[in-house]
Amino acid sequence: MTRIAVLIPAYNEVRSIGQVIAALPQSVTEVVVIDNNSTDGTAAEAKKHKAIVVHESRKGYGYACLKGMAFLEQNPPNIVVFLDGDYSDFPEELDKIIAPILSGKVDFSLGARVNSLREKGALTPQQIFGNALACTLMR
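Going by our numbering, the sequence shown opens with residue 19, and the numbers climb by one from there.
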């Protein structure tokens, strides 16, 4: 069986984290929420939805991602997915994103927040530039 782990770095996402977890497809075998010093009950809400919660005391998305990867090293899954906890990504689209990996066509798949679908102001100009730069470097 293919093990699919979803890592969700989260900071004060109590209002959305449960919806994000609930919208994940059945193919997901493990959900890990990395709580990055939330003060609003994010960790408790994630646990209510059967997520594993690990805590990262160093502030920042990167530290939270690294903590999640370190957690998975104990028992590595076949596929790792990073997903935002604020519903800026669409968890229900996950199967489409990982399908090329499961079919053996690719080793890596990257979702995109398509310009036509992205809510105005969802990303700062710096984030848009950073995303474009990262995609260019990966090509």
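For each residue, glycine too, the CB sits at the ideal point set by N, CA and C.
Note that the structure is a prediction, hence the values are computed from the model and not measured.
Proximal residues to residue i (C-beta, below 7 Å), its chain only, five neighbours per side dropped
i, result
"D45", "The amino acid at residue 45 is misidentified as Asp; the sequence shows Ser. Cβ neighbours of S45 beyond the five flanking positions: I22, D113."
"K77", "N54, N55"
"G36", "E63, K66, H67"
"L120", "T20"
"A41", "P109, E110"
"I115", "S127, G129"
beta-carbon residue i near the ligand GDP non-hydrogen atom, thresh 8 Å
i, result
"A62", "The model on display carries no ligand, and the ligand GDP is accordingly not part of it."
Residue range of the beta strand (DSSP E) that includes residue i
i, result
"P27", "22-28"
Pick from the options that is closest to residue i, judged by C-alpha positions
i, options, result
"K68", "E74, T60, S75", "T60"
"D107", "G129, I70, I146", "G129"
"I39", "Y79, D58, I70", "I70"
Residue interval of the alpha helix (DSSP H) (run including residue i)
i, result
"E63", "60-66"
"L113", "Going by the sequence as given, residue 113 is Asp instead of Leu. Run containing D113: 112-120, per the alpha helix (DSSP H) assignment."
Cβ shell of residue i (< 6 Å), same chain only, five flanking positions each side left out
i, result
"S74", "Correcting the residue identity first, residue 74 is Glu in this sequence and not Ser. Answer for E74: I52, N54, Y81, A82, K85, listed in chain order."
Cβ shell of residue i (< 8 Å), same chain only, five flanking positions each side left out
i, result
"I19", "The question names Ile, but residue 19 is Met in the sequence shown. T47, listed in sequence order."
Inter-stretch contact (C-beta, 8 Å, three-pair minimum) for the region 22-32 and the region 97-110: yes
Inside the region 34-99 only - alpha helix (DSSP H) runs reaching at least 4 residues: 35-40, 60-66, 79-90
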